[in-house]
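Chains as they are written, first to last, in our numbering: chain A, 1 to 163; chain B, 1001 to 1163. From the three backbone atoms N, C-alpha and C, an ideal C-beta is built for every residue, glycine too. Here's the structure we're looking at; comments come further down.
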DNA sequence: TGTCGACCTTTCCACCGTTGTAAGGTCAAG
DNA sequence: CTTGACCTTACAACGGTGGAAAGGTCGACA
């Protein structure tokens, strides 16, 4: 019933490191401690951790998860709110997707044009070196890649390890 | 012909901030300075900066750009090498894409299932709270979203501003 | 000459989420 | 009593970029 942080990590899929981190940023209430200062977790907390992990796996940010946790714990919440949150996140994902797809398309085009042999001439390098002064009003220029930087949605995580 | 960092930034589309940064991490040779310490740039350096920016816009990492710059400046390079680099990057983009698409698909499914009204019951929340203990050998489970964390390719940038 | 504003300089901090490392305390088994 | 697995905290690092502070420089204008 009561376990140390390592066990909670294993059970929830959230690393001990991150459990402490989530606690420190207030995503998580401070855990009960033993006399010697060890954090103690119950199944209930492990469930919450699992909730957090599932949310992270869907790409929600810490702040969004904070909201999701609030909605989860509010048994009276209108499902509308949850849906709106998810919908908004989908749109963020979509922006990212479009950007990556655009990059990929441009690269694929270039790779396609490059014979890729021992000769030095290379359309890929040439294209990168080109002036291609865009940044005019219409972003959908030549390659379809507006040079605009993106929105900054956190997306990547590292390789897995549970504890 | 010779310009301050602000002008070089405007001309290349790389912010003054980042020009200094690139120099500090050795992506860029140290610029010539005036007596009073101002960096001076020529059109040649601006071209290089533009090359860097184009590469960033295609999602190449600093390290990859370091290689690209090397290949660019080596007039003898086999185009094969450039192509391989681009190809590898396409594969990274692809991994990211797959992950985001998977997230999006899962979310869309959930959003679709949620009526999104004033009632509190919500399949989205329920799904997040579910145990769904996967992490077995085969990742392609229920939702199609293996919970594995990803590879960590740098993808997002901030909103644009040129100088 | 003084001074103003636009520019430049460096250094440090913040973001985001996660990992690593260091230097220590605790616990249970041998 | 020692060993090793665990726990604790505090700090730095990774991507790449922006921001702010605190100062020096430059050109123009009175």
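The alpha-carbon separation between residue 1041 (chain B) and residue 1088 (chain B) amounts to approximately 33 Å. Closest by C-alpha distance to residue 1109 (chain B), out of A:21, A:49, A:86, is A:86. Under the 8 Å Cβ criterion, the stretch 1098-1115 of chain B does not count as touching the stretch 17-35 of chain A, having fewer than three qualifying pairs. Residues of the stretch 45-71 of chain A that bring their beta carbon within less than 8 Å of a beta carbon in chain B comprise 47, 50, 51, 53, 54, 55, 57, 58, 59, 68, 71, in sequence order. At least one CB atom of chain B sits nearer than 8 Å to the CB of residue 111 (chain A). With respect to the 8 Å criterion, residue 13 (chain A) and residue 53 (chain A) are classified as neighbours on the basis of their beta carbons. In the three-state reduction of the DSSP assignment, residue 1020 (chain B) falls in the helix class.
According to DSSP, residue 1032 (chain B) shares a beta bridge with B:1040. Taking a Cβ-Cβ threshold of 7 Å, none of the residues of chain A is close to residue 1027 (chain B); the smallest such distance is about 14 Å. For residue 103 (chain A), the uninterrupted alpha helix (DSSP H) segment begins and ends at 79-113.
Out of A:73, A:58, A:121, A:72, the CA that lies nearest to the CA of residue 1101 (chain B) is found in A:58. Between residue 1003 (chain B) and chain A, the shortest Cβ-Cβ separation is not below 8 Å.
For residue 1007 (chain B), no chain A residue has a Cβ inside 8 Å of its Cβ, as the nearest lies near 15 Å away. Taking the beta carbon of residue 1082 (chain B) as reference, the chain A residues within 7 Å of it are 114, 122, 124, 125, listed in sequence order.
At a C-beta separation below 9 Å, residue 76 (chain A) has these neighbours in chain B: 1120.
At a beta-carbon threshold of 7 Å, the residues of chain B lying near residue 106 (chain A) are 1058, ordered along the chain.
Within the model, the alpha-carbon separation for residue 28 (chain A) versus residue 22 (chain A) is close to 6 Å. For residue 12 (chain A), the enclosing alpha helix (DSSP H) covers residues 5-12. Contact of residue 1131 (chain B) with chain A by beta-carbon distance below 7 Å involves 50.
Residue burial annotation: residue 11 (chain A) is buried, with at least 16 other C-beta atoms found within 10 angstroms of its C-beta. About 14 Å separates the beta carbons of residue 103 (chain A) and residue 1068 (chain B), which is beyond the 8 Å limit, so they are not a contact pair. For residue 123 (chain A), the uninterrupted alpha helix (DSSP H) run begins and ends at 123-129, by DSSP.
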